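Q: The structure that follows is given in the form of C-alpha cells.
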Amino acid sequence: MPTLVAVLTLVALLKLSQVELPRWHLAFWFGLLVGLALMGAMPRLQALANGVGSFLAAWLYFALLERTDNYEDKPLHWLILIGGFVLLIASRFYIDIRVYGISL
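In this note's numbering, the protein residues as written are 18 to 121.
Have a look at this one:
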C-alpha cells in the first residue's frame, strides 16, 4: 500500500512541478504522505525516519530536475526524470517487502 501511495503522490507532484511551487513543498508532501502511509505498519520512529528520508530523496530529485531543465541537458534531464522516479519507487517497494513480507 505505501508503494501505491508513493507512486500516485509522485506522479501528481510531477504534474504540480510545472506550476511555480518551491521544490521543497513538493518534497515535503511526498515525505509526509509516505510517512503517514507507513505509520501503522512500523514503529513511529521508523516511519518518521522513512518520511524524512523520502523528503530528502524527493527534494534532491526535484532539485536535479530543475537544474537540468534546459536544452543542453535534455538527455541528462530525461535520465534523471525516469531513473530518479524508478529509484524512489523501488526504495518504497523495498520497504513494502521488508515490512509486509511481500515476496516476489
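Note that CB positions come from ideal geometry on N, CA and C, so glycine has one too. Quick caveat: nothing in here was measured; it's all calculated off a predicted structure.
(1) Could you compute how far the alpha carbon of Gln63 sits from the alpha carbon of Leu53?
(2) So, under 8 Å CB-CB, Leu27 and Ala74 are touching, yes? Tell me the CB distance rounded to an integer number of Å.
(3) So, helix, strand or coil for Thr85, using DSSP?
(4) Candidates Leu50, Asn67, Leu33, Ile97: which alpha carbon is nearest Val116's?
(5) The alpha helix (DSSP H) spanning Ala107 covers which residue range?
(6) With a 10 Å radius around its C-beta and 16 neighbouring C-beta atoms as the bar for buried, classify Gly100 as buried or exposed.
(7) Looking at Arg40: is its Cβ nearer than 8 Å to the Cβ of Glu89?
(8) Could you give the DSSP three-state label for Ala66: helix, strand or coil?
(9) Exposed or buried, which one is Arg109 when buried takes at least 16 other CB atoms within 10 Å?
(10) For Gly118, which of Ala80, Ile97, Met59, His94 has the nearest alpha-carbon?
A: Short version:
(1) 11 Å
(2) Not really, about 10 Å apart at Cβ, beyond 8 Å.
(3) coil
(4) Asn67
(5) 91 to 117
(6) exposed
(7) no
(8) helix
(9) buried
(10) Met59
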